[in-house]
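J.: Residue numbers (the numbering used here): 2 to 425.
Cβ coordinates follow ideal geometry from the N, Cα and C atoms, glycine included.
#1: Taking residue 264 as part of the beta strand (DSSP E), name the residues at either end of that continuous run.
#2: Apart from the five residues just before and just after residue 167, which ones in its own chain have a Cβ nearer than 6 Å to its Cβ?
#3: How would you label residue 113, buried or exposed, when you count the other beta carbons within 10 angstroms and need 16 or more for buried?
#4: Going by DSSP, name the residue or residues bridged to residue 382.
#5: Go through its chain and collect everything with a Cβ distance to residue 45's Cβ below 7 Å, but skip five positions before and after it.
#6: Give me the Cβ distance between residue 129 and residue 99, rounded to the nearest whole Å; I'm assuming they're in contact under 8 Å.
#7: Mapping DSSP to helix, strand and coil, what is residue 417?
#8: Express the C-alpha separation of residue 423 and residue 289 in angstroms, rounding to a whole number.
#9: Residue ranges of each alpha helix (DSSP H) run of no fewer than 4 residues wholly in the region 201-236, ordered along the chain?
#10: Start and end of the alpha helix (DSSP H) containing residue 305?
#11: Helix or strand or just coil, what does DSSP make of residue 157?
#12: Where does residue 345 fall in DSSP's three states?
#13: Consult DSSP for residue 37 and reduce its assignment to one of helix, strand or coil.
#14: Determine the burial state of residue 354: buried for a count of at least 16 other Cβ atoms within 10 Å of its Cβ, exposed for fewer.
#15: From 421, 216 and 259, pick the residue whose C-alpha is nearest to that of residue 251; which is it?
#16: Could you spell out the range, first to last residue, of the beta strand (DSSP E) harbouring residue 101?
#17: Among the residues of its own chain, which have a CB less than 7 Å from the CB of residue 68, if the five just before and after it don't count?
#18: In this structure, how does DSSP classify residue 390 when only helix, strand and coil are distinguished?
#19: Count the other CB atoms within 10 Å of the CB of residue 140; is the residue buried (16 or more) or exposed (fewer)?
#20: With distances taken from CA atoms, which of 311, 279 and 293 is nearest residue 287?
#21: Nearest to residue 298 by CA position, among 283, 321, 271 and 236, is which residue?
#22: Residues in the same chain with beta-carbon distance under 7 Å from residue 276, minus the five sequence neighbours each way, listed in chain order, please.
#23: If you draw a straight line from the alpha carbon of residue 268 to that of residue 313, how long is it in whole angstroms?
#24: Tell whether a beta-carbon distance below 8 Å holds between residue 205 and residue 238.
#25: Would you list the residues sitting across from residue 376 in a DSSP beta bridge?
#26: Pull the bridge partners of residue 366 from the DSSP assignment, please.
#27: Throw me the rounded Cβ distance for the residue 339 and residue 370 pair, which I believe falls under 8 Å.
#28: Taking the alpha-carbon positions, what's the residue 318 to residue 324 distance?
#29: Drop a sphere of 10 angstroms on the beta-carbon of residue 257, count the other beta-carbons inside from all chains shown, and report buried for 16 or more, exposed for fewer.
#30: Which whole-angstrom value describes the C-beta separation of residue 367 and residue 377, a residue pair presumed to lie in contact below a C-beta threshold of 8 Å?
#31: Kindly list the residues whose CB is nearer than 8 Å to the CB of residue 411, restricted to its own chain and excluding five residues on each side of it in sequence; keep chain order.
#32: Count the other CB atoms within 10 Å of the CB of residue 193; is the residue buried (16 or more) or exposed (fewer)?
#33: Quick one, are the C-beta atoms of residue 196 and residue 222 less than 8 Å apart?
#34: Is the distance from the Cβ of residue 231 to the Cβ of residue 381 below 8 Å?
#35: What residues match up with residue 330 in a beta bridge as DSSP calls it?
#36: Please say whether residue 296 and residue 263 have beta carbons closer to each other than 8 Å?
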């Protein structure tokens, strides 16, 4: 949901990065064919390739298991949608003076623009604003570009469409403290702005010192799914983070409190963990389970990290305070309290995902690494990533898979392990 598009086209970069990971996995899986060829009277000394092949199968099984489902829509990651006539957009952007190139393009449209012409104009302007918003916010280039596009606004056929909203979103990010142009942009905001657009409106009002209007826009953005963490992270609100009205608004945006009640979960979680350990032991895999933590230690770790764990995970930590089994590493209280390698990996993953504009992911709590740098089991305290109620979500590269509860997550590891290791 809305982040100001300061991080340029990072939202679009996300799939690219993940494709790269997928390509890496695909490349790695080629030795698996080699392994099969060596399977005749192969010297029994090839456990290493076998293990490597198993790892590729694990990745494939995990990925495949996420396929047959509806993708959770990520309202948080606004994407650039390629306009019709994108070749013309590239020509405009590649010109030595792109604003003048856009001016020439618009001058050749005498009356109402066609749908394609409108998309070319707004798409070009939107992409021009991205670097300007970072480097020359509120400067002469911004003013010239905004004045040019706004002077022809009524000629565009879809003033409430996607490209128009994205232009406005970037315009509010780039305009700086310019009350006159902010007022002109506000007149063009559609009746139902996206949360991303509300967020950038709030940023513009914050920069120009319009606190009441900023609060109203922030309230609408938060109602649409923007998190308190996103607000606190944005430099445009740095001067307001000790303001009582802003603090009250952000405190009200916190995730719902999870009352402590682990008793109903202890037995079922213990059974699921025992079943997982037994399954893997039968397949020749042995995990490392840490000694149990007290409930007081679990709650203390939550306070230190300023998080809330679900009750079934609290229950798990009183049985095993973190563990590594097969390819999976489950966080313990030490990971929540200190900067362990697993804690650093989890933080890097969440920061990367938040940087791509994934609304709500910065409030998710890492539960376990699922065997790859971009594969994580998270607790989603608001249900923003899950697209529903709070709960667990398994992030497998570009896929998000809601998981019913911790027992289901542990059972999933056991089933995939049996499928993969049982066939080797």
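T.: This is what the structure holds:
#1: Looking at the DSSP string, residue 264 is not in any beta strand (DSSP E); the run it does join, the alpha helix (DSSP H), is 264-283.
#2: Excluding residues within five positions, the ones whose Cβ falls inside 6 Å are 127.
#3: Looking at its Cβ environment, which holds fewer than 16 other Cβ atoms inside 10 Å, residue 113 is exposed.
#4: Paired residues: none, contrary to the question.
#5: Residue placement at residue 45 is flagged as unreliable, the pLDDT there being 45, under the threshold of 50; a coordinate-derived value is accordingly withheld.
#6: So it is a contact: roughly 6 Å between Cβ atoms.
#7: When secondary structure is reduced to three states using DSSP, residue 417 falls in the helix class.
#8: For residue 289 and residue 423, the distance between alpha carbons rounds to 21 Å.
#9: Runs found: 212-224 and 229-234.
#10: According to the DSSP assignment, residue 305 belongs to the alpha helix (DSSP H) that extends over 296-306.
#11: In the structure shown, residue 157 sits in coil (DSSP, three-state: anything other than H, G, I, E or B).
#12: Of the three classes helix, strand and coil, the one that applies to residue 345 here is helix, per DSSP.
#13: A caution first: residue 37 carries a pLDDT of 42, below 50, which makes its placement in the model unreliable, though a value can still be read off. Helix, per DSSP.
#14: Here residue 354 is buried, its C-beta having at least 16 other C-beta atoms within 10 Å.
#15: Closest option to residue 251, Cα to Cα, is 216.
#16: For residue 101, there is no enclosing beta strand (DSSP E); the residue is found in the alpha helix (DSSP H) stretching over 99-108.
#17: For residue 68, the predicted structure reports a pLDDT of 41, less than 50, and the residue's modelled location is therefore unreliable. The matter cannot be settled from this model.
#18: In the three-state DSSP reduction, residue 390 falls in the coil class, being neither helix nor strand.
#19: It counts as exposed.
#20: Looking at the Cα atoms, 279 is the closest of the given residues.
#21: Here the closest residue by C-alpha is 321.
#22: Excluding positions up to five away in sequence, the list reads 415.
#23: Each residue's Cα considered, the two are about 10 Å apart.
#24: Going by C-beta atoms, residue 205 is not nearer than 8 Å to residue 238.
#25: DSSP links residue 376 through a beta bridge to 397.
#26: Per DSSP, 380.
#27: About 17 Å; that fails the 8 Å criterion.
#28: Their Cα atoms are separated by approximately 9 Å.
#29: Burial call: exposed.
#30: The Cβ separation is near 6 Å, so the contact holds.
#31: Contacts found: 270, 273, 274, 276 and 277.
#32: Answer is exposed; the Cβ neighbour count stays below 16.
#33: Yes, the Cβ-Cβ distance between residue 196 and residue 222 is below 8 Å.
#34: No. Outside cutoff.
#35: As a beta-bridge residue in DSSP terms, residue 330 pairs with 325 and 370.
#36: Yes.
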